[in-house]
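Using my numbering, you'd call the opening residue of the sequence shown number 177 and step up by one each time. Everything below concerns the one structure shown next.
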Amino acid sequence: MGYSSGLITAPVSISDVQNAVGYSGGGDLGTIIANGSINKWAKYKPVRLASKDTVTGQWDATNKVWLSSARWWKGGGNCGLTLTTFTSLGNIGNSNSFLYKLKNGQLPWNYERPTGGAYQPFRLQDFARYITYAEPAVGECGVQEGDIVWVDRTGSGTELQIDYDAPSVGDLNLVLSDFEVGGTSLSQFYLGMLLWRDSGNYILVTSTTRIGTSGSNSIRVTIGYDDIGNWHMIPFISSVIITVGGSTGVGTYLSAGITTPISFIAKPTGQAIQVFVSAAWSNNNSRIQLFATVFNNLSSSQSVTSLTVYVYTTTSASQDPSTGTLVTSKNLGNCSVAANSQYDYSQDYVSVSRNQSLIYWVTARPTTPSVFENSYEQVEDEDEPLAD
C-alpha cells in the first residue's frame with residue numbers, strides 16, 4: 177500500500193520507511209533505522225526484540241492491522257523507551273535529585289533503537305502502521321506558551337486549571353497506560369506538575385485522580401498576588417498524591433517524557449487596565465468583525481488613548497502570531513473608563529479577503545503606557561455567520 181499522510185500501510189517497502197523517517201541517504205534497513213527521525217511516540221516502530229518474526233499470530237492479513245493481542249511493540253519492556261525512576265523528590269537545588277533533573281530537562285524518555293544481530297534484529301514489518309505525527313503520551317497541555325494568568329490584587333488568588341489531553345490517534349499512538357513501572361501500569365499513577373518562578377519559589381502538585389486509560393488529566397493550583405512574575409512548568413508522574421504545601425514522602429517519581437517547560441506570566445489585574453479583543457469572520461469572508469473591551473480595575477477613572485486593533489496571519493495555528501505577517505489595522509479611538517468598570521467599544525470591522533490557507537489573529541495595543549498589551553486571539557468562524 178505504501179506511505180501516505182504520515183502513515184505506513186502494509187506491505188511495507190524500504191522507500192516507504194525512508195519517506196516516513198526523512199532519511200534519503202541510502203543503505204540497508206539498519207542504516208535507515210540508525211539515522212532516520214523515528215517518532216518515539218508511535219506505537220508501531222522498531223524495538224529491541226530477539227524474535228525475527230512479529231507477524232505470525234499477531235497480524236490481521238485481511239484488514240492489514242495488528243491484532244489487539246499483539247504485544248511485540250512493547251519490546252519486552254516499555255515500548256522501546258527508557259524510563260528513569262526515583263524514590264524521593266530530593267532538593268531542587270541538588271543536581272542529583274529528581275526535582276533538579278526534572279526542572280532542567282534531564283529526564284527524557286530515550287528511544288532505544290535496535291542494533292541488529294540475533295538479539296536485536298531489524299524487521300521491516302515493525303513499520304507497518306507507523307505514524308509520523310504521534311504525540312507525547314502525556315498529551316497536549318491546555319496552557320500555552322506565553323499565556324497570561326490575571327491575578328486579582330485584592331482577592332484570594334486565581335485558580336489555574338492545567339489540563340493535559342491524552343492523545344487519541346486510534347491504536348497508533350502510545351498512551352501512558354502502555355507503560356509500566358515495577359509491574360504497575362502508569363494508568364494507576366497521578367499526573368504531577370512542577371511550577372517555578374524566576375524569583376526562585378516553586379510549587380509542586382499532582383492531580384487527585386489517577387491517570388486512567390484515556391481522556392483529560394486536570395491539575396489545579398492557586399496563583400496568588402504574591403506570585404506575580406514569570407513562571408515555568410513541566411509535568412511529571414507520581415505514585416502518590418501531592419498537595420501544595422503537603423508532605424512529599426517516599427513514592428515513585430518519573431518525568432512524563434517532556435523536557436521543555438511551558439512558560440506563562442502571572443500579572444496583577446489591580447495595577448493596570450486590561451484590554452481584550454475578539455474577532456469573527458463575516459458570512460462571505462470579506463471582512464473581520466471586531467469586539468473590543470477595556471477593563472479598569474483601578475479605583476479611579478482611566479483614559480485609553482488611540483486603541484488600535486492589528487490583524488496578523490500565520491501559516492499554521494502553532495506559529496507564534498507575533499512572528500506573523502501584519503495584514504491591516506484599525507484605530508478604534510479613545511475611551512474613558514470609570515473606576516472598577518468596563519468599556520465596550522462599538523462593534524467595528526476591517527475589510528480583509530480571507531485566504532483559506534492562512535490563520536488570522538487579532539491583537540489590540542493602546543498608546544497609553546499603563547495598559548497591558550492584549551494577547552493574540554484567533555479569528556473565529558461563527559456557527560451563525562455575521563451579516564456583511
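Just so it is clear, CB atoms sit at the ideal spot from N, CA and C, and this is done for glycine as well.
Cβ-based burial, residue i [other Cβ within 10 Å; buried from 16]
i: K506; result: buried
i: I247; result: Reading off the sequence, residue 247 comes out as Arg, not Ile. Classification for R247: exposed.
i: V402; result: In the sequence on display, residue 402 carries Asp and not Val. With fewer than 16 other Cβ atoms within 10 Å, it is exposed.
i: A515; result: exposed
i: T539; result: buried
i: A237; result: exposed
i: E216; result: At residue 216 the sequence reads Lys, which differs from the Glu that was named. Under this definition K216 is a buried residue.
i: D496; result: exposed
i: P187; result: exposed
i: D302; result: buried
Straight-line gap, residue i to residue j (C-alpha atoms, nearest Å)
i: E321; j: I410; result: 12 Å
i: F298; j: T291; result: 8 Å
i: G400; j: L336; result: 10 Å
i: S512; j: Q523; result: 17 Å
i: A563; j: Y199; result: With a pLDDT of only 42 at A563, under 50, the local geometry of the prediction cannot be trusted, and no value is derived from it.
i: N472; j: A455; result: 21 Å
i: T263; j: K279; result: 17 Å
i: G391; j: T491; result: 29 Å
i: R305; j: S533; result: 29 Å
i: R484; j: V528; result: Here the sequence assigns Thr to residue 484, which means Arg is not the residue at that position. Going from the Cα of T484 to the Cα of V528 covers about 16 Å.
i: T398; j: S332; result: 9 Å
Per DSSP, the bridge partner or partners of residue i
i: P444; result: V327
i: Y179; result: I184
i: C511; result: V480
i: A455; result: L466
i: F471; result: Q450 and Q518
i: P222; result: Answer is none; P222 lacks a bridge partner.
Under 9 Å between C-beta atoms of residue i and residue j
i: V381; j: T419; result: yes
i: Q554; j: I535; result: yes
i: I434; j: P343; result: no
i: R396; j: I338; result: yes
i: T145; j: L265; result: The structure shown does not extend to residue 145, since the chain spans only 177 to 564, so no value can be given for it.
i: S439; j: H408; result: yes
i: A310; j: L352; result: no
i: Y220; j: W249; result: yes
i: I404; j: P444; result: yes
i: V526; j: V487; result: yes
Backbone secondary structure at residue i - three-state DSSP
i: A210; result: helix
i: T544; result: coil
i: Q320; result: coil
i: N406; result: strand
i: L348; result: coil
i: K277; result: helix
i: W285; result: coil
i: E553; result: strand
i: T261; result: coil
i: Q337; result: strand
i: Y306; result: coil
Contact with chain D by residue i, beta-carbon distance below 9 Å
i: Y179; result: This model lacks chain D altogether, as it is built from one protein chain only.
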